[in-house]
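Data block below; observations after.
In full-length UniProt numbering, the protein residues as written are 1 to 645.
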């Protein structure tokens, strides 16, 4: 029976008010989906074109998603920068975590050009901090002509303050200078990369009489901006450069060429002390200035290598008033390498050398180019080394046996009185690992080739641990002739020195192919350099033919090894052949040819076509012409840096 109307009204009054009932969102009915048809063909969508409003919407959406991802990463305790750092650095989570810093340095050294290092620094913050100190470790340049000034400026300006750049621009406007500067930047603030600079090297040519000043001004301001300079090498110097070098607290290596005109400008160098490596080339023909004497004397207890083009040691005792305290009062106690060039020996100079330096403690000795009466020093060294016999540290020796005085241009023959003391000195010990012999048995073209002297060979063969052996001539003048090696002598050297890695020789011109085949027997040879009579451009095939006879026996070697995939490096360490000034690379994979070089070609074994090796002519005459002495400076600087504590 249905409830009465009064009862229904009473029940409705007892219900709560609508505001008291919790609101619920009405459920949306699900959208109807059309049944899929397998018979319909897929329709390609038209490309979307974003309107400005759509782009703004997408940008805001991206920012929201980015903020969400950042908040999510914050919740997990890792930011995106931290993740990038983990990937690239030696963190516990990175792939390089097991690599010590020394290995990372070795990896960085494999980068051959600054462009590759610059690209690597842009990949992440971690690599940026790792690469930048290496990228700006050295500032170098060779402004030979006016066209090189712009590159010279661009290499220095990033290290200067804005104030310095503006000042240099006032002194002269040149290409390569920065045009605009930030409005609110601190003009006196030094760039961060200025603290990374350790080496400054410049070979200055002739950029023009009116423009030479700007080249020096940039170098002067560069020295004013770097505080951690350790190595400086330059072919010229100014007064301001000398003053700023004298203020460098960390300077440890110095290469200088000082002319007569610059003698007064270099006076500030007298105060420099504690150098470890010094190379001096002076032009004081008629007098001995105090500058080189003080530079040498102030660093007598710290110098590890000394390279000079004059005999300064007698003058040190005479002009500086140094008293002799004993017969062997060694002043240069830390010296490991000594090079003497264009030095005229006399008994007084030899006495000063012998009592200043312990020659048996040297590791490297070069008695070099155009020395006169060097046999006087050899005679004294013979007695010293013969008396000691043991505990001789000498490992590298450059022995000049021929007469380097201009008087020998008329004689055109070797002087036994000059050669024999040097040959005898070579026989008094047996500790060498590197030997270079200059101008041995020089004679005229019309005299027969007698080969190397027997007593010289006996002295060479005493040093059984040789890894480098070179025969050179210091002056290539028409009419001179050096002793040549035949195939039998080449084989004899390779058999006597199984550790030999570098070999330079004068081959018999009529036995080139046989000598090439003999050289192929050197299992550990890495580089070979041969000096031949100058070939004409039409005789280029002779060089390739020599290379073929050198490589083919190695390709035929060990037929049972590498039957599937042949690798040249598994059978030979040889990778470079030099013929006069032309160079050839050899290897299984020489990579892509650099700009200006020819494509690589192949030599193939006749017994197995799968056995082949690449070779490429990598001669760069322009580099030799423009960067010859600059490369020598850079090599010297690198060796010096490796020797720092």
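Note that CB positions come from ideal geometry on N, CA and C, so glycine has one too.
What is the DSSP secondary structure of residue 598, reduced to helix, strand or coil?
-> coil
Tell me whether the beta-carbon of residue 291 lies closer than 7 Å to the beta-carbon of residue 269.
-> yes
Could you give the distance in angstroms between the alpha-carbon of residue 530 and the alpha-carbon of residue 176?
-> Cα atoms of residue 530 and residue 176: separation of roughly 43 Å, rounded to the nearest angstrom.
Boundaries (first-last residue) of the beta strand (DSSP E) holding residue 139 = 138–141
Have a look at 428, 576, 567, 566 and flag the residue whose alpha-carbon is nearest the alpha-carbon of residue 519.
-> 576
Measuring CA to CA, which of 398, 211, 616, 203 is closest to residue 543?
-> Closest option to residue 543, Cα to Cα, is 616.
In whole angstroms, what separates the C-alpha of residue 427 from that of residue 399?
-> 12 Å
When burial is assigned at 16 or more other CB atoms within 10 Å of the CB, is residue 218 buried or exposed?
-> buried
Simplified DSSP state of residue 360, which is helix, strand or coil | It is helical.
Can you check DSSP and say which residues form a bridge with residue 548?
-> The partner list for residue 548 (beta bridge, DSSP) is empty, contrary to what the question assumes.
For residue 199, which residues from the same chain have a beta carbon less than 6 Å from its beta carbon, with the 5 sequence-adjacent residues on both sides left out?
-> The answer, listed in chain order, is 138, 231, 637.
Since residue 438 is in the beta strand (DSSP E), which residue starts that stretch and which ends it?
-> 434–438
Inter-stretch contact (C-beta, 8 Å, three-pair minimum) for the region 295–305 and the region 272–279 = yes
Could you tell me the distance, in whole angstroms, from the CA atom of residue 564 to the CA atom of residue 521?
-> 24 Å
Exposed unless 16 or more other CB atoms sit within 10 angstroms - verdict on residue 445 | exposed
Is DSSP giving residue 387 helix, strand or coil here?
-> helix
Distance, residue 280 Cα to residue 343 Cα | 13 Å
Compare the beta carbon distance of residue 456 and residue 423 with 7 Å and say whether it is the shorter of the two.
-> A Cβ-Cβ contact shorter than 7 Å links residue 456 with residue 423.
Residue 242, enclosing alpha helix (DSSP H) - first and last residue = 239–246
Between residue 397 and residue 432, is the Cβ-Cβ spacing less than 7 Å?
-> yes
Look at the Cβ atom of residue 583, then the Cβ atom of residue 619, and state whether they are nearer than 7 Å.
-> yes
Does DSSP put residue 605 in a helix, a strand or coil?
-> In this structure, residue 605 counts as coil in the three-state DSSP scheme.
First and last residue of the uninterrupted alpha helix (DSSP H) at residue 454 = 454–461
Anyone know if the C-beta pair for residue 686 and residue 155 falls short of 7 Å?
-> Given a span of 1 to 645 for the chain in the structure shown, any question on residue 686 remains unanswerable.
Measure the alpha-carbon distance for residue 657 versus residue 482 and round it to whole angstroms.
-> As displayed, the chain neither begins before 1 nor continues past 645, which places residue 657 out of reach and without an answer.
Compute the beta-carbon to beta-carbon distance between residue 381 and residue 345, rounded to the nearest angstrom, for a pair I have assumed lies under 8 Å.
-> Not quite, the Cβ-Cβ distance comes to about 12 Å (not below 8 Å), so this is no contact.
Cβ separation of residue 140 and residue 201, assumed to be a contact under 8 Å, to the nearest whole Å = Taking C-beta atoms under 8 Å as the contact rule, residue 140 and residue 201 qualify, at a distance of about 4 Å.
When burial is assigned at 16 or more other CB atoms within 10 Å of the CB, is residue 418 buried or exposed?
-> buried
Does DSSP put residue 262 in a helix, a strand or coil?
-> Looking at residue 262 - three-state DSSP - the assignment turns out to be helix.
Please go through the same chain and pick out, in chain order, the residues whose beta-carbon is closer than 6 Å to the beta-carbon of residue 236, but skip the five residues on each side of it.
-> Once the five neighbours on either side are set aside, the close Cβ partners of residue 236 are 204.
Below 8 Å CB to CB, which residues in the same chain sit around residue 244 once its five sequence neighbours on both sides are set aside?
-> 220, 223, 224
Measure the C-alpha to C-alpha separation of residue 541 and residue 548 and round it to an integer number of angstroms.
-> 10 Å
Please state if the CB of residue 463 and the CB of residue 421 are separated by a distance shorter than 7 Å.
-> Not a contact, by the Cβ cut-off of 7 Å.
Can you tell me the Cβ-Cβ gap for residue 480 and residue 473, rounded? I've got them flagged as a contact below 8 Å.
-> That belief holds up - the Cβ atoms of residue 480 and residue 473 are roughly 7 Å apart, short of 8 Å.
Going by alpha carbons, who is nearest to residue 351 out of 506, 117, 393, 318?
-> 318
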